[in-house]
Each structure stands twice: as C-alpha cells, then as structure tokens.
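Colleague:
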Amino acid sequence: METEEGAATVGRPRHAVTVMPSYKPGRDAKQAEAEHGITNAIKLASNENPMEPLPEVVQAITDVISGVNRYADHRAAEVRGVIADWVGLPVSHVTVGAGSSAILHRLTSAYVNPGDEVLYPWRSFEVYPVYTKLLDGEPVTVPLTGQTADLHGIAGAITENTKLVMIANPNNPTGTAVNTDELAEFCAQVPDSVIVVLDEAYFEFVDDSMGNSVTDLLPRFRNVVVTRTFSKAQGLAGLRVGYAMGDPDIISAIDKTQLPFAVNMAAQAGAIAAVKHADKIAERVAGIVAERSRVTDEIRSMGLDIEDSHANFVYLPLKEKSNEVFLGMERQGVVTRLFDATGVRITISTVEENDRMLAALRASL
Ligand SMILES: Cc1ncc(COP(=O)(O)O)c(C=O)c1O
C-alpha cells in the first residue's frame with residue numbers, strides 16, 4: 024500500500040504493545056549538555072562502572088574481533104563452564120544471556136501466560152512491569168516498607184495465580200538489601216509452583232555478611248533462580264552479558280527462549296577474561312564501596328536522611344523536592360536519575376566525579 028501523510032499506524036500491534044510505555048534509559052551527558060547549553064556534563068544515571076574494562080579484558084575482546092565473520096557459540100558453552108567453576112555449581116545449573124535484563128525477559132516469557140500474576144515489591148526495577156504486561160500477565164506489587172522489600176507482605180500476596188516473584192536484591196532504585204536468612208525464611212513460605220527470581224545485578228557491592236544466595240539458598244530451594252551480570256562490577260554494560268543460576272529445569276526453560284547467538288563473540292570473550300581477573304575487579308569494587316561510604320556520610324552531613332546502600336548508587340528520597348534538585352544538579356552538568364516526585368538515584372563514580380556531584384547537590388538543595 025502507498026503511504027499517506029497522517030495515515031494510521033501500519034499493521035496491528037498487540038494491545039499490550041500499543042498501550043505499553045517504552046523503557047526509558049538514564050539520560051546521557053550529551054543530551055543534558057545540549058538541553059542546558061553546558062559542557063563537561065557527567066552521567067551518574069545508569070549505575071555504570073566509571074572505569075574502562077581491565078586491559079586484559081579489552082585485549083581478550085580485541086583478540087576475537089577479527090573472527091566475527093563467524094557466528095558465536097549459540098550456547099556460549101565455554102562461558103557457562105567458566106562461570107559454573109567460578110560460582111561452584113555444575114554447568115547444568117548455569118545459563119547466560121545478553122545482559123541479565125534479557126534473562127529476566129526470557130524467564131518471564133518462559134513462565135507467564137496471559138492472566139498469570141507476577142509479584143514484586145514496588146518501587147523496584149522498571150523492567151518488571153514492562154515484561155509482565157508485554158505477556159498480558161498481571162503485575163501485583165507490594166509497597167516497600169520504608170525503602171526495603173517487605174518479604175512478609177510479598178509472601179502474603181502469593182495466590183494460586185502467582186507464577187513469578189521478582190526481588191531485586193539490592194533493590195533498584197533504593198539500594199536496600201535483605202540477607203539470605205530473611206530470604207530463606209521467605210522462600211520456605213513459597214510453594215514450589217512459584218519461581219522466586221533473585222535479581223542480583225549489584226551482588227559484588229554487597230557485604231559478605233549478607234550471605235550468598237548461591238550457597239545459602241540454591242541447595243535448599245529448587246524454585247529459586249539467581250540472576251547476576253557483568254554490567255556493573257565488571258564494567259561491561261555495553262557488551263551485554265548476564266547469567267542465571269538455578270535448577271536445571273528452570274535453566275532449560277530459560278534456554279529455550281534464547282534468541283539465536285544472542286551473546287556475541289566479544290561478549291563471551293570479555294566475560295571469560297573478566298572471571299579470570301576477578302581479583303583485580305574485586306579491588307576496583309572495594310574502591311567504589313569505599314567511595315559509597317564517603318558519599319553517604321557527606322550527603323548525611325547536608326541534613327538528608329538516606330539509607331545505607333548495598334549497591335553502586337545512593338538514593339535520595341526527596342519526595343516533592345526531587346524534580347527541583349534533579350534539575351538543579353543537571354544544570355550544573357551532573358546527570359542523575361529522577362523518579363518523579365519520589366526520589367533521585369545517583370551512581371557512585373570516581374573520587375573526582377563524586378566530588379563534583381556532592382558540590383552540585385549541595386548547591387541544589
Ligand atoms: C536490578 C537490576 N537488574 C538488572 C539490571 C540489568 O542489567 P544488565 O541487563 O545490564 O545485566 C539492572 C540494570 O540497571 C538492575 O538495576
């Protein structure tokens with residue numbers, strides 16, 4: 024058919040797609056510079072790692088680039104094996120994807136029929152409602168207690184229609200976390216027919232005293248699946264590698280929903296090198312954790328009551344002042360993430376960038 028100016032949208036997308044808002048990524052520095060007529064803006068809006076990947080990781084990626092005329096290994100068998108050894112699980116308990124958000128999407132599409140309920144605390148990671156609604160599932164939310172997931176409330180909200188429970192731990196955007204004792208008590212109340220997804224994108228930034236779900240929960244609960252990513256601690260957000268760990272039945276359901284060759288060759292090589300140099304990455308994580316503590320103290324000294332964060336960001340529950348503070352900081356070239364009339368989330372960066380952020384915050388309050 025010939026196109027006409029002003030003609031109705033071509034084709035007939037599903038209702039869920041038509042009404043669904045698009046995922047909005049954090050604003051980037053260039054956008055803010057153009058909008059406010061400034062230069063030198065910094066982006067603290069997407070919880071990225073401020074450091075370039077380790078040189079060894081860059082080298083590993085470079086080494087495979089000339090081979091990209093071939094497809095990558097669809098199953099990413101070597102990466103699975105390396106991750107399985109690293110976390111101490113049999114390889115049948117591990118799968119990989121193009122970022123942990125892709126795995127969460129695949130998991131949802133593997134389990135959620137129209138009308139099935141997907142339960143999660145709110146506010147939490149923005150993709151949970153998007154993925155659920157895309158499948159005509161029913162999002163069911165349980166408000167945070169303060170800024171932390173209310174595990175008792177979530178357990179009480181499980182019905183016979185619940186298919187998945189999604190818990191971001193630490194939670195995005197509030198940075199709070201629950202420990203594995205609390206999670207074990209919660210999981211004991213969840214029927215086997217319901218999958219509990221522990222979305223641990225920020226796992227490396229959490230103190231060891233909070234426990235490790237892979238060793239503390241997976242051996243006890245077959246219906247728990249844990250997702251982690253190379254995007255944050257390992258600084259490979261642009262490469263897209265995440266992984267899931269759990270019972271082989273869940274892993275094979277996720278595997279069936281994998282798009283062909285989704286984890287590309289550079290991503291596979293980068294992930295393997297990152298695991299090989301995990302000790303160097305741990306040193307970098309320790310630097311970010313130390314900065315998180317300094318930034319938290321500085322923000323508290325400005326009279327703001329913020330919770331301890333277990334991730335690579337801090338959350339300011341500024342309520343009605345949020346938009347004004349967000350804009351004030353952005354005009355000074357510091358791009359953060361605004362949750363309308365609720366709060367502002369700020370990624371922890373290098374010492375210099377954190378100092379710039381603190382000065383901009385102080386001036387915007
Ligand atoms: C809670 C949470 N889960 C998952 C992700 C997705 O990370 P990726 O898809 O890069 O692995 C993020 C990213 O911001 C996140 O905050």
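Each residue of the sequence shown is one higher than the one before, starting from 24 at the first, in this note's numbering. C-beta: ideal position from N, C-alpha, C; glycine also. Quantities reported herein were computed from a predicted structural model and do not represent experimental measurements.
1. Can you tell me where the beta strand (DSSP E) holding M189 begins and where it ends?
2. Would you say the beta carbon of F228 comes nearer than 6 Å to a heavy atom of ligand 1?
3. Can you name the start and end residues of the alpha helix (DSSP H) that E375 belongs to?
4. Could you name each continuous beta strand (DSSP E) segment of 3 residues or more that falls completely within the segment 102-167, going from the start of the chain to the end?
5. Using 10 angstroms around the beta-carbon of S115, count the other beta-carbons present and answer buried if the total reaches 16, otherwise exposed.
6. What runs of the alpha helix (DSSP H), each 4 residues or longer, lie entirely inside the segment 240-327?
7. Based on the DSSP output, what are the partners of F362 in its beta bridges?
8. Please go through the segment 53-103 and give each complete alpha helix (DSSP H) segment of 4 or more residues, from N-terminal end onward.
9. Hey, M189 and Y225: beta-carbon distance below 7 Å or not?
10. Does chain C have any CB closer than 7 Å to the CB of W109?
11. Apart from the five residues on each side of it in sequence, which residues of its chain come closer than 7 Å, Cβ to Cβ, to S132?
12. Would DSSP call L221 helix, strand or coil?
13. Identify, in the order they occur along the chain, each residue of the same chain with its Cβ nearer than 8 Å to the Cβ of W145, setting aside the five sequence neighbours on each side.
14. Going by DSSP, name the residue or residues bridged to V337.
15. Is it right to say L282 is buried, meaning 16 or more other beta carbons lie within 10 angstroms of its own, or is it exposed?
16. On the three-state DSSP scale, how would you describe V357?
17. Between the C-alpha atoms of L99 and V119, what's the straight-line distance to the nearest angstrom?
18. Grab me the residues of A334's own chain with a C-beta within less than 6 Å of its C-beta, minus the 5 sequence neighbours each way, in chain order.
19. Give me, in chain order, the residues of the same chain whose beta-carbon lies closer than 6 Å to that of Q212; leave out the 5 immediate sequence neighbours on both sides.
20. Mind the definition here: the segment 56-72 touches the segment 266-279 only if three or more C-beta pairs lie below 8 Å; say whether that holds.
21. Please report the residue range of the alpha helix (DSSP H) in which G197 lies.
22. DSSP state of P171, grouped into three classes?
23. Can you give me the C-alpha to C-alpha distance between Y266 and T41, rounded to a whole angstrom?
24. Let's test the definition: count the other Cβ atoms within 10 Å of the Cβ of Y5 and tell me whether it reaches 16, buried, or not, exposed.
25. Tell me where the alpha helix (DSSP H) around D204 begins and ends.
26. Could you spell out the range, first to last residue, of the alpha helix (DSSP H) harbouring T32?
Modeller: Let me lay it out:
1. Boundaries of the beta strand (DSSP E) harbouring M189: T185 to A191, taken from the DSSP string.
2. The answer is no for F228.
3. Annotation for E375: the continuous alpha helix (DSSP H) segment containing it runs V374 to S387.
4. Those beta strand (DSSP E) runs which fall completely within the segment 102-167 and span 3+ residues are 117-120, 140-145 and 161-166.
5. Its Cβ having fewer than 16 others within 10 Å, S115 is exposed.
6. If we require 4 residues or more, the alpha helix (DSSP H) runs fully inside the segment 240-327 come out as 271-279, 288-299 and 301-324.
7. G366.
8. If only complete runs of 4 or more residues are kept, the segment 53-103 shows the alpha helix (DSSP H) at 78-88, in order along the chain.
9. No; because the gap between Cβ atoms is not below 7 Å, this pair is not in contact.
10. Although the question refers to chain C, the structure presented lacks it and comprises just one protein chain.
11. L158 and T280.
12. Note: L221 maps to strand in three-state DSSP.
13. Cβ within range, chain order: T164, V165, P166 and L167.
14. Among the bridge pairs identified by DSSP, V337 is matched with I369.
15. The residue is exposed, with fewer than 16 neighbouring Cβ atoms inside 10 Å.
16. Looking at V357 - three-state DSSP - the assignment turns out to be strand.
17. With the sequence shown as reference, residue 99 is identified as Ala, and Leu is not the correct amino acid for it. C-alpha separation (whole angstroms): 7 Å.
18. Cβ within range, chain order: P193, G198, Y225 and F228.
19. Within the same chain, Q212 has close Cβ partners A178.
20. Fewer than three Cβ pairs drawn from the segment 56-72 and the segment 266-279 lie within less than 8 Å of each other, which leaves the two stretches out of contact.
21. It is Thr, not Gly, that sits at residue 197 in the sequence shown. Boundaries for T197: no alpha helix (DSSP H) harbours it, and the DSSP string shows neither H nor E there.
22. In the sequence as displayed, the identity of residue 171 is Thr instead of Pro. Note: T171 maps to strand in three-state DSSP.
23. Answer to the nearest angstrom: the Cα atoms are 30 Å apart.
24. Given that the chain is displayed from residue 24 to residue 388, the structure contains no residue 5 and the question cannot be resolved.
25. Counting along the chain, the alpha helix (DSSP H) containing D204 begins and ends at T203 to C210.
26. Taken as a continuous stretch (DSSP letters only), T32 belongs to no alpha helix (DSSP H), as it is neither H nor E.
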